[in-house]
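Colleague: In full-length UniProt numbering, the protein residues as written are 1 to 469. Note that the Cβ used here is the ideal one computed from N, Cα and C, for glycine as well.
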Amino acid sequence: MVHAVNSGHPGGSLGCTEFLVTLYQNIMERKEGFDMDGIGEDIFFLSNGHISPVFYSVLARSGYFPVSELATFRLLNSRLQGHPTTHEGLPGVRMASGSLGQGLSVALGAAQAKKLNGDNHLIYTLHGDGELQEGQNWEAIMYASAKKVDNLIATVDVNGKQIDGTTDEVLAMGSIRAKFEAFDWDVLEIKEGNNIDAIIAGLTDAKSRTGKGKPVCILLYTEMGNGVDFMMHTHAWHGKAPNNDQLETISFMPIAYSLLRTAKNKMKKYTNTGSKDTRSGFGAGMTELGQKNEKVVALCADLIGSLKFDDFKKNHPERFFQIGIAEANMIGIAAGLTIGGKIPFTGTFANFSTGRVYDQIRQSVAYSDKNVKICASHAGLTLGEDGATHQILEDIGLMKMLPGMTVINTCDYNQTKAATLALADHHGPAYLRFGRPVVPNFMPADEPFVIGKAILLNEGTDVTIVATG
1 MVHAVNSGHP GGSLGCTEFL VTLYQNIMER KEGFDMDGIG EDIFFLSNGH ISPVFYSVLA
61 RSGYFPVSEL ATFRLLNSRL QGHPTTHEGL PGVRMASGSL GQGLSVALGA AQAKKLNGDN
121 HLIYTLHGDG ELQEGQNWEA IMYASAKKVD NLIATVDVNG KQIDGTTDEV LAMGSIRAKF
181 EAFDWDVLEI KEGNNIDAII AGLTDAKSRT GKGKPVCILL YTEMGNGVDF MMHTHAWHGK
241 APNNDQLETI SFMPIAYSLL RTAKNKMKKY TNTGSKDTRS GFGAGMTELG QKNEKVVALC
301 ADLIGSLKFD DFKKNHPERF FQIGIAEANM IGIAAGLTIG GKIPFTGTFA NFSTGRVYDQ
361 IRQSVAYSDK NVKICASHAG LTLGEDGATH QILEDIGLMK MLPGMTVINT CDYNQTKAAT
421 LALADHHGPA YLRFGRPVVP NFMPADEPFV IGKAILLNEG TDVTIVATG
């Protein structure tokens, strides 16, 4: 699936395969067919939605939809988006996921609904260990124990890896077990998280602990990329597809291999006529700013490569702050850095730069008039194959509504680099959005960038066309 469309998240999917297969085939009590309310059956919520390849595969092989539909993964008009959504009406999916840290809160509501309905069935969830860096998790963890939500079993996939490295390198969390126990959860561990017998024993044990006044947490120790030698023992395969040569070294079930080949052969081939990607223009601008202006600092939410922060981090490690998967905290830290005279540039995907942390931007940056530069890659629909949870168009309107906020939507590599440089000299809150794909360069490399001033491309007399981005 991942190879066929050259995108997706194989590492975590392979690491959680045995768990999800066991959960659906051996543990959960499920009814025939699918209804959204899930009354009279156990319910599962996938919070770390990027492992959709294995989730969809398990759903298909559990009878929720035809196995042949797996061949449409991440294709245009497919129900199998890169991160699960509900608006496509895919059986087995009860919530959109992919924007991390939200699944446990939804699961708590579903668990309390079961209690209100007199339904004694259970709620299961799955989360990544890096996902616990999102603060909303801890609000939900505290709530679950305080309200004695004891019909919930939350499993944390502890593989110790995330996009930018190990979880300890990105944002060390210490003992996850101690943290859950401090919030009065009943915690158990499955040390062999890729061993089906161990998983069955662990899940059976977890079920026996429900209904006793405490929510239950399973720490599932897995290996990212399990079963594929070149994907194991590294974080590199979080979100990368294998190439043809690598694929040939992997053994597949015949049906799965056939589907992959079918999907691949149906893909249209396009010739990329572009020049450079705009996010690399941002990276080049940050590299230059790092050399020219000691006040400039960079903050990143576990997306160094995606935001092209690599050179800035390498050259100025003391001015680079890895925040982890914690965007709200990143905005607050950035606002605080301005009080010390620094010029912070924050970086993550556009959806998480704005929609996820809008109140933090509104209060701590805009209303407080802080000199924070919020920089967002993968804006608009340029992250198409990842699905609706990772796309955003409303960010322009949201940010333009904020007092004092300057919004810049660049068109190419050269303009993005120039805008990045200009923002360092512009005092006040600003939002810089750019895309992921390679696009043609319209602007000359030496074209001055003046914030708020349009650039004339062609003169005419019949019609005026104004464009942005």
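Under 8 Å by Cβ, that's how I've got serine 97 and threonine 389 pegged, so tell me the actual separation to the nearest angstrom.
Modeller: Along the sequence shown, read from residue 1 onward, the residue named residue 97 stands at position 97. Along the sequence shown, read from residue 1 onward, the residue named residue 389 stands at position 389. Indeed they touch by this definition, with Cβ atoms about 7 Å apart.
Colleague: Name the DSSP bridge partner or partners of glycine 380?
Modeller: On the sequence shown, position 380 is the one that residue 380 refers to. Answer is Ile392.
Colleague: Can you give me the Cβ contacts of glutamate 223 inside the same chain, cut-off strictly under 7 Å, excluding the 5 residues immediately before and after it?
Modeller: Your numbering for residue 223 matches position 223 in the sequence shown. Answer for glutamate 223: Gly15, Asn159, Asn194 and Met232, listed in chain order.
Colleague: Going by C-alpha to C-alpha distance, which of Phe321, Arg279 and Ile141 sits closest to valine 296?
Modeller: Position 296 of the sequence shown, counting from 1, holds the residue named residue 296. Taking only the C-alpha atoms, the option nearest valine 296 is Phe321.
Colleague: Is isoleucine 199 closer than 8 Å to glutamate 18 when the C-beta atoms are compared?
Modeller: In the sequence shown, the residue the question calls residue 18 occupies position 18. In the sequence shown, the residue the question calls residue 199 occupies position 199. Yes, the pair counts as a contact, with Cβ atoms nearer than the cut-off.
Colleague: Going by DSSP, name the residue or residues bridged to tyrosine 221.
Modeller: Indexing the sequence shown from 1 puts residue 221 at position 221. According to DSSP, tyrosine 221 bridges with Val158.
Colleague: Is DSSP giving asparagine 26 helix, strand or coil here?
Modeller: Against the sequence shown, residue 26 aligns to sequence position 26. Asparagine 26 falls in the helix class under three-state DSSP.
Colleague: In chain order, what residues of the same chain lie with their CB nearer than 8 Å to the CB of isoleucine 396, ignoring the 5 residues before and after it?
Modeller: On the sequence shown, residue 396 is found 396 positions in, with the first residue counted as 1. If we look at isoleucine 396 and ignore the five residues flanking it on each side, its Cβ neighbours are Val407, Asn409 and Arg433.
Colleague: For isoleucine 27, which of Val93, His9, Ala201 and Met36 has the nearest alpha-carbon?
Modeller: As a first step, residue 27 must be located in the sequence shown, where it is residue number 27. Residue Ala201 is the option with its Cα nearest to isoleucine 27.
Colleague: Return the bridge partner residues of isoleucine 339 from the DSSP annotation.
Modeller: Here residue 339 refers to the residue found at position 339 when the sequence shown is read from its first residue. Looking at the DSSP assignment, isoleucine 339 forms no beta bridge with any residue, so it has no partner.
Colleague: State the DSSP-derived secondary structure class of alanine 298, mapped to helix, strand or coil.
Modeller: Numbered from its first residue, the sequence shown carries residue 298 at position 298. Of the three classes helix, strand and coil, the one that applies to alanine 298 here is strand, per DSSP.
Colleague: For serine 145, which residues in the same chain have their Cβ closer than 8 Å to its Cβ, ignoring the five residues on either side in sequence?
Modeller: Here the question's residue 145 lines up with position 145 in the sequence shown. Excluding sequence neighbours, serine 145 sits near Phe183, Asp184, Trp185, Lys214 and Pro215.
Colleague: How would you call lysine 370, buried or exposed, if buried means at least 16 neighbouring beta carbons within 10 angstroms?
Modeller: Taking the first residue of the sequence shown as position 1, residue 370 is located at position 370. By the neighbour-count rule (16 or more Cβ atoms within 10 Å), lysine 370 is buried.
Colleague: Mapping the DSSP letters down to three states, classify asparagine 195 as helix, strand or coil.
Modeller: For the purposes of this step, residue 195 is identified with residue 195 of the sequence shown, where counting begins at 1. DSSP places asparagine 195 in coil when its eight states are reduced to three.
Colleague: Whose CA, out of Ser175, Phe34 and Glu288, lies closest to the CA of lysine 314?
Modeller: Numbered from 1 along the sequence shown, position 314 holds the residue referred to as residue 314. Lysine 314 has its Cα closest to that of Glu288, out of Ser175, Phe34 and Glu288.
Colleague: So, is leucine 393 buried or exposed, given that buried needs 16 or more other C-beta atoms within 10 angstroms?
Modeller: Taking the sequence shown and counting its residues from 1, one reaches residue 393 at position 393. Its Cβ having fewer than 16 others within 10 Å, leucine 393 is exposed.
Colleague: Using CA atoms only, rank isn't needed, just tell me which of Glu88, Tyr367 and Ile43 is closest to phenylalanine 65.
Modeller: Numbered from its first residue, the sequence shown carries residue 65 at position 65. Here the closest residue by C-alpha is Glu88.
Colleague: Where do the N-terminal and C-terminal ends of the alpha helix (DSSP H) with leucine 80 fall, by residue?
Modeller: Position 80 of the sequence shown holds residue 80. Element bounds for leucine 80: n/a, residue is neither H nor E.
Colleague: Can you tell me whether histidine 50 is buried or exposed, with buried defined as 16 or more other CB within 10 angstroms of its CB?
Modeller: Translated into the one-based positions of the sequence shown, residue 50 becomes position 50. By the 10 Å Cβ count, histidine 50 comes out buried.
Colleague: Report the residue ranges of all alpha helix (DSSP H) runs contained in full by the stretch 225-251; include only those spanning at least 4 residues, in chain order.
Modeller: Whole alpha helix (DSSP H) segments, 4+ residues: 244-248.
Colleague: Go ahead and label arginine 162 buried or exposed: buried means 16 or more other beta carbons lie within 10 angstroms of its beta carbon, across all protein chains shown.
Modeller: One-based indexing of the sequence shown puts residue 162 at position 162. The residue asked about is misnamed: residue 162 is glutamine in this sequence, not arginine. By the 10 Å Cβ count, glutamine 162 comes out buried.
Colleague: Is DSSP giving proline 344 helix, strand or coil here?
Modeller: The sequence position of residue 344 within the sequence shown is 344, counting from 1. Strand at proline 344.
Colleague: Check this for me: beta carbons of glycine 135 and asparagine 329, under 8 Å apart or not?
Modeller: Numbered from 1 along the sequence shown, position 135 holds the residue referred to as residue 135. Numbered from 1 along the sequence shown, position 329 holds the residue referred to as residue 329. Yes. Within cutoff.
Colleague: Tell me whether histidine 3 is buried or exposed, calling it buried when 16 or more other Cβ atoms sit within 10 Å of its Cβ.
Modeller: Translated into the one-based positions of the sequence shown, residue 3 becomes position 3. Flag for histidine 3 reads buried.
Colleague: Below 8 Å on the Cβ atoms is my guess for arginine 61 versus valine 67; work out the distance and round it to an integer in Å.
Modeller: Your numbering for residue 61 matches position 61 in the sequence shown. Your numbering for residue 67 matches position 67 in the sequence shown. The Cβ separation is near 6 Å, so the contact holds.
Colleague: Leaving aside the five residues before and after serine 353 along the sequence, list all residues of the same chain whose C-beta is less than 6 Å from its C-beta, in chain order.
Modeller: Here residue 353 refers to the residue found at position 353 when the sequence shown is read from its first residue. Closer than 6 Å at Cβ, skipping near neighbours: Ile374 and Ala376.
Colleague: Where alanine 178 and phenylalanine 45 are concerned, what is the direct C-alpha to C-alpha distance, given to the nearest angstrom?
Modeller: Mapped onto the sequence shown, residue 178 falls at position 178. Mapped onto the sequence shown, residue 45 falls at position 45. Taking the straight line from one Cα to the other gives about 24 Å.
Colleague: Can you find the residues in the same chain that come closer than 7 Å, C-beta to C-beta, to proline 344, ignoring five residues on each side of it along the sequence?
Modeller: Position 344 of the sequence shown, counted from the first residue, corresponds to residue 344. Val297, Leu299, Ala334, Leu337, Thr338, Val372 and Lys373.
Colleague: For histidine 427, which beta-bridge partners are listed by DSSP?
Modeller: To locate residue 427, count along the sequence shown from 1; it is residue 427. None; histidine 427 has no bridge partner.
Colleague: Who are the Cβ neighbours of isoleucine 331 in its own chain at under 8 Å, not counting the five residues just before and after it?
Modeller: Mapped onto the sequence shown, residue 331 falls at position 331. Hits under 8 Å: Thr346, Val357, Gln360, Ile361, Ser364, Val365, Val372 and Ile374.
Colleague: From the DSSP output, in three-state form, read off arginine 61 for me.
Modeller: Locating residue 61 in the sequence shown gives position 61, where the first residue counts as 1. If DSSP states are grouped into helix, strand and coil, arginine 61 belongs with the helices.
Colleague: My output table needs one value for histidine 50: the three-state DSSP class, helix, strand or coil.
Modeller: Taking the sequence shown and counting its residues from 1, the one referred to as residue 50 is at position 50. Looking at histidine 50 - three-state DSSP - the assignment turns out to be helix.
Colleague: Who are the Cβ neighbours of glutamine 81 in its own chain at under 6 Å, not counting the five residues just before and after it?
Modeller: The residue given as residue 81 occupies position 81 in the sequence shown. The residues are Gly387.
Colleague: Around the C-beta of residue 475, are 16 or more other C-beta atoms found within 10 angstroms, so that it is buried, or is it exposed?
Modeller: Outside the shown range of the chain (1 to 469) lies residue 475, about which nothing can therefore be said.
Colleague: Alpha carbon to alpha carbon, how far is glycine 12 from methionine 36? Give it in angstroms, no decimals.
Modeller: On the sequence shown, position 36 is the one that residue 36 refers to. On the sequence shown, position 12 is the one that residue 12 refers to. Rounded to whole angstroms, methionine 36 to glycine 12 spans 26 Å at the Cα level.
Colleague: Return the chain-ordered list of same chain residues with a C-beta closer than 6 Å to the C-beta of lysine 342, the five sequence neighbours on each side being excluded.
Modeller: For the purposes of this step, residue 342 is taken as the residue at position 342 of the sequence shown. Around lysine 342: Lys295 and Val297.
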